[in-house]
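Since the structure comes first, as structure tokens, the remarks are kept for the end.
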Amino acid sequence: MNVHKQKIEEAEQSIAAVENEVSQNYWRLHYHLTPPAYWMNDPNGFSFYKGEYHLFYQHHPFSAEWGPMYWGHFKSSDLAAWERLPIALAPSEDYDKDGCFSGSAIEKDGKLYLMYTGNVWTGNNYDEQLKQVQALAQSEDGVTFEKLADNPVIAEAPAGNIHPFHFRDPKVWKYQDFYYTVLGSKTKQNTGQVLLYRSADLLKWEFVNVMAKGEGNFGFMWECPDLFLLDGQDVLVMSPQGVKPEGHLYHNLHQAGYVLGKLNYETGTYTHGPFHLLDYGFDFYAPQTTIDDKGRRILIAWMDMWESEMPTQNHNWAGAMTIPRIVTLKDNQLISKPAPEIEKLRKNEVSYQHVTIEGETSLEGISGDCLELELTIHAKNASQFGLKVRVSEEDKQETVLTYHKKEQLFIFDRSQSGEGPGGERKADVKLNDNELTLHIFIDKSSLEVFINEGEKVMTGRIYPSQKAVGITFFSDESIDIINFKKWHLEKSIK
Ligand code: FRU
Numbered sequence: 001m002n003v004h005k006q007k008i009e010e011a012e013q014s015i016a017a018v019e020n021e022v023s024q025n026y027w028r029l030h031y032h033l034t035p036p037a038y039w040m041n042d043p044n045g046f047s048f049y050k051g052e053y054h055l056f057y058q059h060h061p062f063s064a065e066w067g068p069m070y071w072g073h074f075k076s077s078d079l080a081a082w083e084r085l086p087i088a089l090a091p092s093e094d095y096d097k098d099g100c101f102s103g104s105a106i107e108k109d110g111k112l113y114l115m116y117t118g119n120v121w122t123g124n125n126y127d128e129q130l131k132q133v134q135a136l137a138q139s140e141d142g143v144t145f146e147k148l149a150d151n152p153v154i155a156e157a158p159a160g161n162i163h164p165f166h167f168r169d170p171k172v173w174k175y176q177d178f179y180y181t182v183l184g185s186k187t188k189q190n191t192g193q194v195l196l197y198r199s200a201d202l203l204k205w206e207f208v209n210v211m212a213k214g215e216g217n218f219g220f221m222w223e224c225p226d227l228f229l230l231d232g233q234d235v236l237v238m239s240p241q242g243v244k245p246e247g248h249l250y251h252n253l254h255q256a257g258y259v260l261g262k263l264n265y266e267t268g269t270y271t272h273g274p275f276h277l278l279d280y281g282f283d284f285y286a287p288q289t290t291i292d293d294k295g296r297r298i299l300i301a302w303m304d305m306w307e308s309e310m311p312t313q314n315h316n317w318a319g320a321m322t323i324p325r326i327v328t329l330k331d332n333q334l335i336s337k338p339a340p341e342i343e344k345l346r347k348n349e350v351s352y353q354h355v356t357i358e359g360e361t362s363l364e365g366i367s368g369d370c371l372e373l374e375l376t377i378h379a380k381n382a383s384q385f386g387l388k389v390r391v392s393e394e395d396k397q398e399t400v401l402t403y404h405k406k407e408q409l410f411i412f413d414r415s416q417s418g419e420g421p422g423g424e425r426k427a428d429v430k431l432n433d434n435e436l437t438l439h440i441f442i443d444k445s446s447l448e449v450f451i452n453e454g455e456k457v458m459t460g461r462i463y464p465s466q467k468a469v470g471i472t473f474f475s476d477e478s479i480d481i482i483n484f485k486k487w488h489l490e491k492s493i494k
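Position 271 (the sequence shown) corresponds to 271 in the UniProt record's numbering; numbering is contiguous.
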């Protein structure tokens, strides 16, 4: 057996030994992808291949901490029900021996190719003593992957003001007769940037240009770039590390967002507008997109944050993905909406119309820890209103979502959510005709709030107790909940 296969087998055995016990943990998510055990970070290789969605992920199959990276693997025929497949990549070669870092997938001649970063530590200082190269693996069946003998296909970073070693996360796509990839990079003075490469065959790559570079407060390194065409705009998504807080923005350790612009494929120059966040919550990083047979641009992100306390590590697992989100353009902004297929998981609908709230109240039949909620609120003369989820009076827990009319702010407060990190995050939100629309996804240890039809999204991990299933509505003056719907959502992973 070759070393790669052997390493995958050892990793699968390591998972199998604890998987059952891990599955008992209360915080395991029911309709979000999580590793079967141990560590998960970035989504990788998100693709639509032979009629199915494939999602790979950065995986450490030997502990609940980050370590030498493998690629875990899920697939789905409908974005709602997912199946775990065997680990796809293991660090097995000289050029990737300390990790198969992030990358992407593309179909060519009927095969599924994974393009990823091989990482090697050259000393103990992981910031400076590393060597990163780009490599390929191929598969005939979308399940078993073989690394190419020609690897690495990009053996070193280009000359110029480009850091020679921080050079990673290829996202590949096809445009006319060529394949292109963007790569995360930084200058020698620690400014984040994105590199553009071109290839006729995926094997020989030519450096085109430094496509985009941070200016001002845009961080010391850009990770996980992604470029795609949407309604005539070239959208560049990236994850800048080290952006400093500005007002109520950028309070997470690292950010994930996008700019809109136009790429000149000949020169590799990209002119673009301002940076916007893709999510205003606590836990959202390294998003990756794909396009499916319906022409939809679908985005999934890691629903966690680096160097954030993760209470599930005590239960031998860490990391989750957001639900798949469909991104579209409206008024020069990206709009994110939950993939409609998730509706297939709905059970036990309860609905209300025109409920007047003043003070704080609960509604009969509305509670739970694995739910989808949809509501439209008419604010009337209220200045502060919202809802609390995952409430337990006994355990003094609540997660609070409040709209402040005067400041035009929506606030997600997890300071009393239970275990794990607290704090609050704020997003600028305007009412439409004095109405606020919320679409909320509650899973055992997560919360995603889509505000005003996906204009803003706020995502966070929370770690409440099992008793914390209450939901209450509150307002300082009378509001009208015009429409309210609740569903229980079923498990999505086989
Ligand atoms: C982003 C990242 C990538 C890297 C991977 C390693 O979260 O740091 O840049 O490829 O994670 O796991």
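A virtual CB, placed ideally from N, CA and C, is assigned to each residue, including glycine.
Buried or exposed by the 16-neighbour rule on C-beta atoms within 10 Å, applied to residue i
i, result
"G123", "exposed"
"G51", "exposed"
"Y31", "buried"
"V172", "buried"
"L229", "exposed"
"A16", "exposed"
"W306", "exposed"
"T472", "buried"
"E343", "exposed"
"P464", "buried"
"D433", "exposed"
"H166", "buried"
"K7", "buried"
"V3", "exposed"
"S475", "buried"
Selection from the options that minimises the alpha carbon distance to residue i
i, options, result
"G418", "P86, A427 and E393", "E393"
"D279", "D234, V350 and R425", "R425"
"residue 508", "V259, P36, W27 and A159", "No answer is possible for residue 508: the residues shown for the chain start at 1 and end at 494."
"E223", "H73, T34 and P240", "P240"
"E128", "H163, G273 and I154", "H163"
"H59", "P91, M211 and V400", "P91"
"H248", "S308, W82, E309 and A427", "A427"
"E65", "L196, M321, K388 and N316", "N316"
"Q193", "A137, D177 and G160", "G160"
"R461", "S383, R414, L277 and Q24", "R414"
"L447", "Y179, L373 and A379", "L373"
"F48", "E12, M221, E156 and D78", "D78"
"G142", "D109, F474 and A157", "D109"
"L85", "A11, I323 and G232", "A11"
"L334", "P158, V237, K491 and M321", "V237"
"Q384", "S478, G67 and G214", "S478"
Contact set for residue i: own chain, Cβ-Cβ below 7 Å, skip 5 residues either direction
i, result
"G103", "N44, G45, L114, M115, Y116, T117, D169 and P170"
"L375", "L438, I481, N483 and F484"
"V243", "N217, F218, G219, Y250 and Q255"
"Y175", "Y265"
"F178", "R198, S199 and A200"
Same chain, Cβ closer than 8 Å to residue i, neighbours up to 5 away in sequence not counted
i, result
"V429", "Y403, Q408, L409, F410, L436, I451, N452, E455 and K456"
"F101", "Q58, M69, Y116, T117, G118, N119, Q132, R168 and D169"
Beta-carbon contacts of residue i that lie in its chain and below 6 Å, excluding the five residues immediately before and after
i, result
"T312", "W27 and A318"
"W302", "N41, D42, Y285 and A286"
"R346", "W487"
"S362", "T472"
"G470", "S367 and V391"
Meets three-Cβ-pair contact criterion under 8 Å: the stretch 391-406 and the stretch 278-285: no
Segment contact, 8 Å Cβ cut-off, at least three pairs: the stretch 245-258 with the stretch 197-205: no
Any 3 or more C-beta pairs closer than 8 Å across the stretch 285-300 and the stretch 267-277: no
Is there contact here, the stretch 65-73 with the stretch 348-358, by at least three beta-carbon pairs under 8 Å? Inter-segment contact for the stretch 65-73 and the stretch 348-358 is absent: fewer than three beta-carbon pairs are separated by less than 8 Å.
Specify which residues have a beta carbon nearer than 7 Å to any heavy atom of ligand 1, listing them in chain order. N41, D42, Q58, W66, M69, G99, F101, S102, T117, R168, D169, G184, E223, C224, S239, Y285, A286, W302 and W306
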